[in-house]
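Take 1 as the starting number for the sequence shown in our numbering and just add one per residue. All C-beta atoms, glycine included, are put in the ideal place defined by N, C-alpha and C. Given the structure is predicted, the values throughout are model-derived calculations rather than measurements.
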Amino acid sequence: MALVACDMPGTHFENVPATRVTVDGSIFDIRVRGRLAEAVRINPQYAPRLGPIRARAAFAMAEVSGCKVREVRGDPALLTGILACKGQPVPRALPPMPLSYSCLELTGWVRDGEGSPYVDYECTPY
1 MALVACDMPG THFENVPATR VTVDGSIFDI RVRGRLAEAV RINPQYAPRL GPIRARAAFA
61 MAEVSGCKVR EVRGDPALLT GILACKGQPV PRALPPMPLS YSCLELTGWV RDGEGSPYVD
121 YECTPY
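If you want it as structure tokens, here you go:
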């Protein structure tokens, strides 16, 4: 019997250290390489919907990379973000350390003209 891990990074991110971020009950391992960020959701959640998970992952990727997340693709377990770092060098990820945020959803879906619509959150670290 073989077991396959569901919390492993994709091949593009396999040697990149992860920063663990908790956003509104979702726990992600975030890795940044070049203009891409990867969020691997590592906690079980009952029937996770992509919309809220995508918004939480985008927030976590932005916090770790220091860049705006233009678009997020993937599924509720593994998401890839395309980073928009206007006038900034290629982002350097924060050192791997746990970050936790308590978040409130402010509005419904927001569209800022770049990429996919997203849910707007107000988050405070704890």
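- Along the region 35-71, the alpha helix (DSSP H) occurs as fully enclosed runs of 4 or more residues at 50-65, listed in sequence order.
- One Cα belongs to L104, the other to T124, and the distance between them is close to 9 Å.
- With respect to the 9 Å criterion, A60 and F28 are classified as neighbours on the basis of their beta carbons.
- The C-alpha of D24 lies about 30 Å from the C-alpha of G87.
- By the neighbour-count criterion, in which 16 or more other beta carbons inside 10 Å mark a residue as buried, G34 falls on the exposed side.
- Annotation for D29: the continuous beta strand (DSSP E) segment containing it runs S26 to R33.
- Excluding its 5 nearest sequence neighbours in each direction, C85 has C-beta neighbours in its own chain below 8 Å: R35, S65, G66, C67, K68 and P91, listed in chain order.
- One alpha carbon belongs to S100, the other to V21, and they sit about 6 Å apart.
- For G81, the enclosing beta strand (DSSP E) has its first and last residue at L78 to A84.
- V40 is a Cβ neighbour of L78, given a cutoff of 9 Å.
- Distance from the Cα of L106 is smallest, within the candidate group V72, E71, R56 and A62, for R56.
- The closest CA to that of E63, considering only T19, L50 and P52, is found on T19.
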